[in-house]
Amino acid sequence: MPSREPIDVEQKFSNDLVNLALDTMKMGKQALVFVSSKKSAEKCAEDIAVKMKDPSPVGDVVATDILAAIQKPTKQCERLARCAVKGIAFHHSGLTHKQREIVEDEFRRGNVKIICCTPTLAAGVDLPAFRTIIRDLKRYSETGWGGMQYIPVLEYLQMAGRAGRPKFDKFGEAICIAASEDDKEKIHEKYVLGEPEEIYSKLAVEPVLRTYLLSLIATEFVRSKKDIMDFFSRTFWAYQFKDMHKLETIIDKMLDLLERYEFIISKKRDGFVDASKLEEEEGRIRATLLGRRVAQLYIDPLTAHHLIKCIRRSASIALSPFSLLQMVSNTLEMRPLIKVKTSEFDKFNEQFAKFASDLVQKEPSIYEPEYDDFINSVKTAFVLLDWIDEKDEEFLYEEYNVRPGETRAKIDHADWLLYGSEELAKLMGMQDVIKHIVKLRFRLKYGVKEELIPLLRLKGIGRVRARKLYNAGIRDLGDIKKADVTTLTQLIGKSISLDIKSQVGEDLEKAIVPENKRKGQISLRDYGEE
DNA sequence: GGACGGTGAAACTTCAGGTTGCCTC
DNA sequence: GAAGTTTCACCGTCC
1 MPSREPIDVE
11 QKFSNDLVNL
21 ALDTMKMGKQ
31 ALVFVSSKKS
41 AEKCAEDIAV
51 KMKDPSPVGD
61 VVATDILAAI
71 QKPTKQCERL
81 ARCAVKGIAF
91 HHSGLTHKQR
101 EIVEDEFRRG
111 NVKIICCTPT
121 LAAGVDLPAF
131 RTIIRDLKRY
141 SETGWGGMQY
151 IPVLEYLQMA
161 GRAGRPKFDK
171 FGEAICIAAS
181 EDDKEKIHEK
191 YVLGEPEEIY
201 SKLAVEPVLR
211 TYLLSLIATE
221 FVRSKKDIMD
231 FFSRTFWAYQ
241 FKDMHKLETI
251 IDKMLDLLER
261 YEFIISKKRD
271 GFVDASKLEE
281 EEGRIRATLL
291 GRRVAQLYID
301 PLTAHHLIKC
311 IRRSASIALS
321 PFSLLQMVSN
331 TLEMRPLIKV
341 KTSEFDKFNE
351 QFAKFASDLV
361 QKEPSIYEPE
371 YDDFINSVKT
381 AFVLLDWIDE
391 KDEEFLYEEY
401 NVRPGETRAK
411 IDHADWLLYG
421 SEELAKLMGM
431 QDVIKHIVKL
441 RFRLKYGVKE
451 ELIPLLRLKG
461 IGRVRARKLY
471 NAGIRDLGDI
481 KKADVTTLTQ
491 LIGKSISLDI
501 KSQVGEDLEK
511 AIVPENKRKG
521 QISLRDYGEE
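Pasting the structure below:
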C-alpha cells in the first residue's frame with residue numbers, strides 16, 4: 001500500500017528523526033530506524049534518548065542486563081545501557097551476540113521502543129515494527145564509482161518490509177527522510193515507484209566459483225571437463241551469462257589455477273593408463289588428497305594455497321603466535337580486516353618491525369597496493385595477540401577501536417582458519433606447526449596466556465577464574481588437588497571449588513561425576529602439553 | 001592581563017554485514 | 001559524499 005494520507009508530526013526539535021521517533025512513541029508504537037554506519041546508529045539512539053524526559057519503566061533492568069552481558073563493559077556498552085534506560089537502543093555488528101539478543105527480545109516485549117540500526121536488522125532477524133524510518137538511502141562504497149551510492153531497491157524493500165506487525169497492526173508505515181526537495185523526488189521515483197534490481201548469480205564471483213568448482217571435482221560429481229561444462233551450462237549463471245564460450249574460458253582459467261595449486265590433476269593421454277581404460281581416463285579430472293581436504297574444509301582455494309605456502313615456509317623460521325595470526329588474518333575470509341587509520345599508520349609499521357622476522361608470508365613493499373591489506377592484517381593480528389595476552393574488550397576498544405562484537409567475529413574466523421591450517425599441516429606432515437596451531441587455538445578460544453592452559457581443562461574455569469587461581473599460586477591440576485577448599489572458595493566461590501575438586505578426583509561431597517573435557521575443547525595431550 | 005569556558009567554523013577522518021568446519025584423548 | 005569528531009580561533013566573563 002504505497003500511498004496514504006499525509007501524517008502530521010509535531011516539529012518539536014530541529015532533528016526530524018527525533019521528532020518522528022517521539023511521535024511514534026506518543027502513539028504507543030515502536031519503530032526501527034535504519035542508518036548507514038555503526039557510529040550513526042549509536043549517535044541517533046543517543047540523540048533520541050536525551051530528548052526523552054522519563055526513563056522507561058523497566059529501562060534500568062534492561063540496562064543492567066546489557067552491561068552484565070560482557071566481562072568488562074566498554075564505552076559502547078555504557079552508551080547502549082544509557083539509551084536503554086530510556087527505552088531506546090542501537091543494534092549493529094559491533095554488539096556482542098548476547099547484547100543483540102537482549103535488544104531484540106526487549107523490543108519484542110515492548111520494553112525497547114526504538115532501535116537505531118545498520119542493515120543487520122533488515123535481513124535475517126524477524127523484528128517487525130509499526131514504523132520503519134529510513135534515514136540513509138545512500139551508503140559509502142569503495143567499489144564502482146566510489147563515494148556515496150544509493151542502496152539497491154531490494155535492500156530498501158527489505159527495510160520497508162519490516163513495517164507493520166501482522167498480529168498487532170492493520171498497516172505499517174515506512175518513512176524515508178529526504179535531505180532536500182530534489183532528494184525527495186529521487187527517492188520517490190527510485191524506491192517507492194521503482195522496480196527491484198535483477199538478481200545476479202553468485203557464481204560469477206571468483207572465490208565462489210573457485211570453491212564450487214573444486215568441491216564438484218572433489219566429490220566426483222564431475223569427472224571431466226565435459227561434465228564440468230554440462231553442469232555449469234545448466235546453472236543460473238550460464239543462463240544469465242549466455243556466452244558459453246567466454247564462460248568456458250573462465251572455467252579453464254580456474255582449472256588451470258587449481259592444477260597449479262596442486263588441488264586437482266587432469267590426466268592427459270601420456271599418463272600411465274591401462275590401455276583398455278584409456279578412453280575412460282582421457283580427460284579425467286581428479287582432486288588430489290590436498291584438494292579434497294580443502295574442499296571439505298570449505299575454504300577458498302586461494303586462501304588454502306596461501307596457508308600451504310606459509311606452512312611450508314614456517315619450517316625455516318621460529319614460529320610465534322604472531323606468525324600464525326598474521327597468516328590467517330591476511331585472507332579473504334577474514335575480511336573486512338580491522339583497518340589501520342591514517343593516523344595509526346606509522347605506529348603499526350613501527351610495531352610490526354619488531355615482529356618482522358616472525359612473518360611467514362612474503363612482505364609486500366610499502367609501495368605496492370597490497371600493502372594496505374597487509375598492514376591491516378598486521379593490525380588484526382595484533383588485536384588477536386592482545387586477546388590471547390588476556391586483554392579485555394574495553395582495552396581492545398580503547399586501543400584499536402574494535403567493538404566487542406567485531407572482536408568476537410574475528411576470533412571465530414581466525415579459529416576456523418587455524419583449524420583449516422591444522423588439517424592442511426597434517427596432510428603435509430608438518431608436526432611442529434601442528435603443535436603450535438593447537439596451542440594457539442586453545443589460547444584464542446579462551447583468550448589466555450600459555451601459562452593458564454592447564455587450569456582451563458577444568459569445567460567451569462574460564463580466563464577470569466583461571467587467572468585468579470594462577471595468581472594465587474594454584475597453577476595446575478596438582479595444585480588444585482593440594483589446595484585447601486577454603487582458599488579455593490575465597491577465590492572462585494564454594495560450588496565451583498567443590499566442583500573442580502571433584503573434577504581432579506577429590507569427592508568432597510557427593511559431587512556430580514565430571515566430564516573429562518568441555519564440549520568442543522581441544523586436546524593438547526598429543527602435543528606434549530601434558 | 002591571564003585563565004577559563006563556551007561557541008561555531010573549519011579541517012579531518014571514516015564509512016554494512018553474512019556463511020562456511022569439526023569429532024581430537 | 002556526508003556524518004561525526006576533533007581542532008582551533010574567537011569572544012565574553014571572571015578573578
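Each residue of the first sequence is one higher than the last, beginning at 1 in the working numbering.
Cβ coordinates follow ideal geometry from the N, Cα and C atoms, glycine included.
- Task: Run the CB neighbour count on Ser-314, radius 10 Å, all protein chains shown included, and call it buried at 16 or more, exposed below.
- Result: Taking the first sequence and counting its residues from 1, the one referred to as residue 314 is at position 314. The residue is buried, with at least 16 neighbouring Cβ atoms inside 10 Å.
- What are the boundary residues of the alpha helix (DSSP H) that Gln-149 is part of? The sequence position of residue 149 within the first sequence is 149, counting from 1. No alpha helix (DSSP H) contains Gln-149, which is instead part of the beta strand (DSSP E) from 148–150.
- Task: Measure how close the beta-carbons of Ile-175 and Ile-133 come, nearest whole angstrom, since I'm counting them as under 8 Å.
- Result: Numbered from its first residue, the first sequence carries residue 175 at position 175. Numbered from its first residue, the first sequence carries residue 133 at position 133. Between Ile-175 and Ile-133 a beta carbon distance of about 5 Å is seen, short of the 8 Å cut, so the two are scored as contacting.
- Return yes when the Cβ of Thr-331 is within less than 8 Å of the Cβ of Leu-417, no when it is not. Position 417 of the first sequence holds residue 417. Position 331 of the first sequence holds residue 331. Their beta carbons are under 8 Å apart, which means Leu-417 touches Thr-331 by this criterion.
- Query: Taking only runs of the beta strand (DSSP E) that begin and end inside the stretch 341–396, which ones reach a length of at least 3 residues, in chain order?
  - Reply: none
- Leaving aside the five residues before and after Ala-41 along the sequence, list all residues of the same chain whose C-beta is less than 6 Å from its C-beta, in chain order. Within the first sequence, numbered from 1, the residue matching residue 41 stands at position 41. Closer than 6 Å at the Cβ level, and outside the excluded window around Ala-41, lie Val-35, Phe-90, His-92, Cys-116, Cys-117 and Thr-118.
- In this structure, does DSSP put Asp-415 in helix, strand or coil? Within the first sequence, residue 415 is the residue found at index 415, counting from 1. Three-state result, Asp-415: helix.
- Under the three-state DSSP convention, the category Glu-46 falls into: Here residue 46 refers to the residue found at position 46 when the first sequence is read from its first residue. If DSSP states are grouped into helix, strand and coil, Glu-46 belongs with the helices.
- Item | Unbroken alpha helix (DSSP H) run spanning Arg-33, endpoints | The sequence position of residue 33 within the first sequence is 33, counting from 1. A small correction: the amino acid at residue 33 is Val; Arg does not occupy that position in the sequence shown. That residue, Val-33, is in no alpha helix (DSSP H); its beta strand (DSSP E) goes 31–34.
- Message: Here's the rule I'm using: 16 or more other beta-carbon atoms within 10 Å means buried, otherwise exposed. How should Glu-262 be labelled?
- Response: On the first sequence, position 262 is the one that residue 262 refers to. Residue burial annotation: Glu-262 is exposed, with fewer than 16 other C-beta atoms found within 10 angstroms of its C-beta.
- Message: Ignoring anything shorter than 4 residues, give me the alpha helix (DSSP H) runs that lie fully in the stretch 220–262, in order along the chain.
- Response: Runs of the alpha helix (DSSP H) inside the stretch 220–262: 225–233, 236–241 and 244–260.
- Task: Leaving aside the five residues before and after Leu-289 along the sequence, list all residues of the same chain whose C-beta is less than 8 Å from its C-beta, in chain order.
- Result: By 1-based counting over the first sequence, the position of residue 289 is 289. Closer than 8 Å at Cβ, skipping near neighbours: Leu-427.
- Message: What ranges does the alpha helix (DSSP H) occupy inside the stretch 427–506, keeping only unbroken runs of at least 4 residues that lie completely in it?
- Response: The qualifying runs are 431–446, 453–456, 463–471, 477–482, 485–492 and 494–503.
- In terms of residue numbering, what span does the beta strand (DSSP E) encompassing Tyr-212 cover? Numbered from its first residue, the first sequence carries residue 212 at position 212. Unbroken run through Tyr-212 is the alpha helix (DSSP H), 206–218; no beta strand (DSSP E).
- Message: Could you check whether Gly-94 and Pro-404 sit closer than 8 Å to each other, using their CB atoms as the reference points?
- Response: Residue 404 sits at position 404 when you count from the first residue of the first sequence. Residue 94 sits at position 94 when you count from the first residue of the first sequence. Cβ distance < 8 Å, so Pro-404 and Gly-94 count as in contact.
- Item | Coarse secondary structure for Lys-26, derived from DSSP in three states | On the first sequence, residue 26 is found 26 positions in, with the first residue counted as 1. Lys-26 falls in the helix class under three-state DSSP.
- Query: Quick one: what does DSSP say Arg-403 is sitting in, helix, strand or coil?
  - Reply: Numbered from 1 along the first sequence, position 403 holds the residue referred to as residue 403. Three-state DSSP puts Arg-403 in coil, outside helix and strand.
- If we ignore side chains and look at the alpha-carbon of each, how far apart do Asp-386 and Leu-396 end up? What you label residue 386 is simply residue 386 of the first sequence in a count that begins at 1. What you label residue 396 is simply residue 396 of the first sequence in a count that begins at 1. If I take the Cα positions, the gap works out to 8 Å.
- If you run the structure through DSSP and keep just helix, strand and coil, what is Glu-198? Here residue 198 is taken as the residue at index 198 of the first sequence, counted from 1. Glu-198 falls in the coil class under three-state DSSP.
- Message: So, with DSSP's three-state summary, where would you put Arg-312?
- Response: Your numbering for residue 312 matches position 312 in the first sequence. Helix at Arg-312.
- Item | Closest residue to Ala-68 among Thr-96, Cys-44 and Lys-435 (Cα-Cα distance) | In the first sequence, residue 68 corresponds to position 68, counting from 1. Ranking Thr-96, Cys-44 and Lys-435 by Cα distance to Ala-68 puts Thr-96 first.
- Item | Inside the stretch 101–146 only - alpha helix (DSSP H) runs reaching at least 4 residues | Segments of the alpha helix (DSSP H) lying fully in the stretch 101–146: there are none.
- Task: For the alpha helix (DSSP H) containing Ser-329, list its first residue and its last residue.
- Result: The residue you call residue 329 lines up with position 329 of the first sequence. Run containing Ser-329: 321–329, per the alpha helix (DSSP H) assignment.
- Query: What is the residue span of the beta strand (DSSP E) that Ile-285 lies within?
  - Reply: The sequence position of residue 285 within the first sequence is 285, counting from 1. Residues 285–287.
- For Ala-41, three-class secondary structure by DSSP: Translated into the one-based positions of the first sequence, residue 41 becomes position 41. Helix.
- Element boundaries [beta strand (DSSP E), containing Ile-88]: If you number the first sequence from 1, residue 88 lands on position 88. Here the beta strand (DSSP E) through Ile-88 covers 88–91.
- Item | Among Lys-75, Cys-83 and Lys-72, the one whose alpha carbon lies nearest that of Met-52 | Counting from 1 along the first sequence, the entry for residue 52 is found at position 52. It is Cys-83.
- Glu-181 lies in the alpha helix (DSSP H); which residues open and close that run? As a first step, residue 181 is located in the first sequence; it is residue number 181 there, counting from the start. Start and end: 181–187.
- What's the call for Gly-28, buried or exposed, on a 16-neighbour Cβ count within 10 Å? Sequence index remark: in the first sequence, residue 28 carries index 28 (1-based). Gly-28 is exposed by the Cβ-count criterion.
- When we look at the beta-carbon of Leu-216 and count the other beta-carbons within 10 Å, is it buried (16 or more) or exposed? For the purposes of this step, residue 216 is taken as residue 216 along the first sequence, with counting starting at 1. Burial call: buried.
- Query: Which residue or residues does DSSP assign as beta-bridge partners of Ile-264?
  - Reply: Looking up residue 264 in the first sequence gives position 264. The partner list for Ile-264 (beta bridge, DSSP) reads Ala-287.
- Look at Pro-55 and Val-85 and say whether their C-beta atoms are less than 8 Å apart. If you number the first sequence from 1, residue 55 lands on position 55. If you number the first sequence from 1, residue 85 lands on position 85. Result yes, Cβ atoms of Pro-55 and Val-85 sit closer than 8 Å.
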